[in-house]
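J.: Residue numbers for the sequence shown follow our numbering, beginning at 54 and rising by one.
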Amino acid sequence: MIAASSTRGSHANPGLPFFLWAGSYVAVRVTLESERVAGGARVALALLPLPVFLWTLVALVRGVREMDELERRIQLEALSVAFPLTLVLLMTLGLVEVARPLDPGNWSFRHLWPFLLVFYAIGLLIARKRYL
54 MIAASSTRGS HANPGLPFFL WAGSYVAVRV TLESERVAGG ARVALALLPL PVFLWTLVAL
114 VRGVREMDEL ERRIQLEALS VAFPLTLVLL MTLGLVEVAR PLDPGNWSFR HLWPFLLVFY
174 AIGLLIARKR YL
């Protein structure tokens, strides 16, 4: 019984898939920015980190399923802060872009996704302060 639960817990650890995804993302981004790859191969290369990221998401979902009720509540509250903040960001940028075109070098999707991580971290801080 102990061995089974420790084995199950190791499957839910998103650390390894996350670092493999981050490494593949950085490698692909550097390669794409160097313009060593041309044509349709660039799109294929851009999609290369996707399977590893999906593996990371599966590990995260498994990890949430193994959490106790308090930690699940904290995670849910963090997401309930992060999601509306993301909507506010996207709505604001969308309206500003209609009013005045934004520089894609500063406001493309690759520049926006880190905001989502920051919003989630803010949500975690708020929830942990409330419950712990």
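Quick reminder that beta carbons are idealized off the backbone N, C-alpha and C, glycines included.
(1) Residues in the same chain with beta-carbon distance under 7 Å from Ser63, minus the five sequence neighbours each way, listed in chain order, please.
(2) State the DSSP-derived secondary structure class of Val153, mapped to helix, strand or coil.
(3) Starting from Pro167 and walking both ways along the alpha helix (DSSP H), at which residues does that stretch end?
(4) One question on the structure: do Leu177 and Ala131 come within less than 9 Å of each other, judged by their Cβ atoms?
(5) Could you give the distance in angstroms between the alpha-carbon of Ile127 and the alpha-carbon of Glu88?
(6) Taking all protein chains shown into account, decide if Trp166 is buried (16 or more other Cβ within 10 angstroms of its Cβ) or exposed.
(7) With the cut-off set at 9 Å, would you say Phe172 and Leu146 are in Cβ contact?
(8) Helix, strand or coil: which one does DSSP assign to Arg89?
(9) Quick check on Met120: does DSSP put it in helix, strand or coil?
T.: Working from what's here:
(1) Reading the sequence shown from its first residue, position 10 is the one you call residue 63. Confidence at Ser63 is low in this model, with a pLDDT of 47, below 50, so its placement is unreliable and the value that follows should be read with caution. Around Ser63: no qualifying Cβ.
(2) Walking along the sequence shown from the start, residue 153 turns up at place 100. In the sequence as displayed, the identity of residue 153 is Arg instead of Val. DSSP places Arg153 outside both helix and strand once states are collapsed to three, so it counts as coil.
(3) Counting from 1 along the sequence shown, the entry for residue 167 is found at position 114. First-last of the alpha helix (DSSP H) with Pro167: 162-184.
(4) By one-based count along the sequence shown, residue 177 stands at place 124. By one-based count along the sequence shown, residue 131 stands at place 78. Yes. Within cutoff.
(5) For the purposes of this step, residue 127 is taken as residue 74 along the sequence shown, with counting starting at 1. For the purposes of this step, residue 88 is taken as residue 35 along the sequence shown, with counting starting at 1. Near 43 Å, if we compare the C-alpha coordinates of Glu88 and Ile127.
(6) As a first step, residue 166 is located in the sequence shown; it is residue number 113 there, counting from the start. Looking at its Cβ environment, which holds fewer than 16 other Cβ atoms inside 10 Å, Trp166 is exposed.
(7) Here residue 172 refers to the residue found at position 119 when the sequence shown is read from its first residue. Here residue 146 refers to the residue found at position 93 when the sequence shown is read from its first residue. No.
(8) Residue numbering aside, residue 89 sits at position 36 when the sequence shown is read from its first letter. The answer is coil: DSSP assigns Arg89 none of H, G, I, E or B.
(9) The residue labelled residue 120 in the question sits at position 67 within the sequence shown. Residue state, collapsed to three classes: coil.
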